[in-house]
Every structure is written in structure tokens, then in C-alpha cells.
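Engineer: Sequence positions in the sequence shown follow mature numbering (1 follows the signal peptide of the UniProt record, and there is no 0) and run -27 to -1, 1 to 273.
Here it is, the structure in full.
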Amino acid sequence: MMASVRRLSGLLAAAFVALLVSVPAHAACNGALTAGTPPSVSYDPFSGEATVTATVTTNRTGSCAPGLNITGSGTSPNRVVTSSGSTLAYTINNPGGSIYQNSSTAFLGITSANNQSVQQTLTFKIAASQVVNAGTYTDTITIRFVDNGTLMSAQSGQVTTLTMLVTVTVPSKSQVNIAGSSGTFGTFAITTLDFGELAQNAVRNAFVQVRSTAAVSITVTSVNSGSLKRIGTTFQSTVAYSLSLNSTALNLSTGPKSINVNPARTIDGTNLPLAITLTGATTGLPAGTYQDVLTVDVVP
């Protein structure tokens, strides 16, 4: 029994050695990375998400797990483009929608065939409603061609690391809304301030809501030069009124008047109080409807 056990042990040992020897070694993976046109896009925070695509071309030889690692400005895992201290968040996505994290250790696998050039599409997305200063925002990203997260060796005369400039242009844009109450931009919108039965010193209040990517000039124009006029007759009786915007008196009797405002860079913007007071005499006036039309223009 002892002898047979030793022979069996010897057979097992021989088989174990044979298995170790039969494991093949993997060939080294070498790569090449070429950049396409850098991404550039115009972004209007009031008009929804902005997207732009860019491409890089990859080529690899050998057996490996190819992927791309992309780093740039921002605090990991997030990305930002910058302009004079202002920042705008964005993402880089692969064709499947997965996000390239802004980290030196994160990567996403790519489609690649041995010794074939393959174009890889990168989609850059800037989410809506990021109200920032108008200007040109940039980020320089570094793209690395990796094998399971490790930078590949470059093919002869090629590179596996390159940089690409991301450019986002934010134009000077503004929007205005007239509201009956202070609140989120676009809420409580009104088209008429109704004084009801005319009474001297009656006051009506509203708010001019403004949001913008830059400082703005607000101009108020009165069709009837700061007076309510009786409509529907040849002889038009009038009632003068005064108007203040953001606590600044605007004398519309001599033409359009303007004020300068620097709204908050938020999607809600800034609410500016508007007050209209009937200053003219209202007794002894003929019955009828008295009105004026105001136009509020906002120009960044």
C-alpha cells in the first residue's frame, strides 16, 4: 500500500507541472491615439441642454482590455470649464451614455480590434439652467489610451496621451417678465394693471423679473407719455401718473427712461419692484376707459 501511494503522488506532481507549463504568455499591447477636431459649442442657459461631439482615433496591437481615461479641470469626479473665475459644469459621455469620470484612475472600455484604427466618439454635455457670466469658457483635457487602466506603450512614432481644448461660449442673453408678485421667474405673469374706478393717488404694484448672463439696461417706454388716456373718442381726457422701477423714479412724460441693473446669475434672476401712482386729478372726468401701454425692454 505504501508503494502504490508514492507512485500516485508522483503522477499527481507530474500532472501539476504540466499544467503550469501549458499557460501561454500574453503579448504586450501597444497603442496609438490621434485627436480629431476639438469640441466647441455655444451655450444659452435659458434654452436647455447643449451638446457637442468630438472624436479620437485609436489603434492597438496585441491582446488587452483597451479603454480611455480622461482628466481635466474640476474636483473629481466632476468637470468644469472656466472663464475669469466663473465655472460651468459639463460631462463627457461615451456612445452608451456612460460618463467619463474626472479621475486619473477611472476609465471606460472602448470598442477596438487588433491592428485596426477605430474612431471613438465623445459627447460633451452642458446641463440647462446654469446661469453664468457671458464669456468664453475653456478646459484642457488629457486623454490617455489605457490597457485595463494602465497607460499603453506607444507604437513606433505614435502617442497614447494627448490633450484637447474644450470651448464653451456663453453669449450675452437676457429675459424679462412682468409679474403681479415677487417669485420664481415666469410665475404670476400679468399683462394688465387695473386701477378699477379712477382715484387720485391710487397705487398699483408689480414686479419686473429679469434674468441675464450680463448686466442689463432696462428701458421703459410709454405710448401716452406717462398718462392714461380716455379711449374711443376724438377728445381724449388724460390722467397723469408717476412710475418708479427698483425705487428709481422714471419721468415718462419726456420720453423713454432707462436704469442699469446687474441681475443675480441664477435661473430665477432678480425681482425689481414697479410702482405706478395716479397723480393727476380724476374728478369731473368724462366716463370711459382710460389706458396707457408700457413697453419694458431689457438689453444686456
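C-beta atoms are modelled at their ideal positions from N, C-alpha and C, and glycine is treated no differently.
From a predicted model like this one, the values you see are computed outputs, not experimental measurements.
Can you find the residues in the same chain that come closer than 8 Å, C-beta to C-beta, to R203, ignoring five residues on each side of it along the sequence?
Structural biologist: Within the sequence shown, numbered from 1, the residue matching residue 203 stands at position 230. So the list reads Q209, S210, T211, L258, P259, G261, T262 and Y263, once near-sequence residues are dropped.
Engineer: Excluding the 5 residues preceding and the 5 following N244 in the sequence, name in chain order all residues of the same chain whose CB lies nearer than 6 Å to its CB.
Structural biologist: Along the sequence shown, one-based indexing puts residue 244 at 271. Excluding positions up to five away in sequence, the list reads S155, F180 and Q182.
Engineer: Leaving out five residues on either side along the sequence, give the residues of the same chain with a beta carbon under 8 Å from the beta carbon of S82.
Structural biologist: By 1-based counting over the sequence shown, the position of residue 82 is 109. First, the amino acid is wrong: residue 82 is Gly here, not Ser. Result list for G82: A38, P39 and G40, in chain order.
Engineer: Taking DSSP as the reference, what is the three-state secondary structure of S126?
Structural biologist: Taking the sequence shown and counting its residues from 1, one reaches residue 126 at position 153. Three-state DSSP puts S126 in a strand.
Engineer: Between I114 and I191, how many whole angstroms is the CB-CB distance? I'm expecting something under 8 Å.
Structural biologist: The count along the sequence shown starts at 1 and reaches residue 114 at position 141. The count along the sequence shown starts at 1 and reaches residue 191 at position 218. With a Cβ gap of about 40 Å, I114 and I191 do not count as contacting.
Engineer: Kindly indicate which residue of T160, T250, R238 and T164 has the alpha-carbon position closest to the one of L201.
Structural biologist: In the sequence shown, residue 201 corresponds to position 228, counting from 1. The residue with the shortest Cα to Cα distance from L201 is T250.
Engineer: So, under 8 Å CB-CB, V29 and L6 are touching, yes? Tell me the CB distance rounded to an integer number of Å.
Structural biologist: Counted from its first residue, the sequence shown places residue 29 at position 56. Counted from its first residue, the sequence shown places residue 6 at position 33. Going by Cβ atoms, the distance from V29 to L6 rounds to 6 Å, so yes, they are a contact pair.
Engineer: Taking contact to mean at least 3 C-beta pairs separated by less than 8 Å, is the stretch 116 to 134 in contact with the stretch 6 to 15?
Structural biologist: Yes: at least three Cβ pairs fall under 8 Å.
Engineer: Give a yes or no on whether the C-beta atoms belonging to S196 and D265 are separated by under 9 Å.
Structural biologist: Along the sequence shown, one-based indexing puts residue 196 at 223. Along the sequence shown, one-based indexing puts residue 265 at 292. The displayed chain sequence assigns Val, not Ser, to residue 196. Against a cut-off of 9 Å, the Cβ pair of D265 and V196 comes out as a contact.
Engineer: On the CB-based measure, 16 or more other CB atoms within 10 Å of its CB, does N178 come out buried or exposed?
Structural biologist: Residue numbering aside, residue 178 sits at position 205 when the sequence shown is read from its first letter. So N178 counts as exposed.
Engineer: Please check the pair S145 and R184, which I expect to be a contact at CB under 8 Å, by giving their CB distance rounded to whole angstroms.
Structural biologist: Counting from one through the sequence shown, the residue named residue 145 turns up at place 172. Counting from one through the sequence shown, the residue named residue 184 turns up at place 211. No, S145 and R184 are not in contact; Cβ-Cβ is about 12 Å, not under 8 Å.
Engineer: How would you label G242, buried or exposed, when you count the other beta carbons within 10 angstroms and need 16 or more for buried?
Structural biologist: The count along the sequence shown starts at 1 and reaches residue 242 at position 269. Per the 10 Å Cβ criterion, buried.
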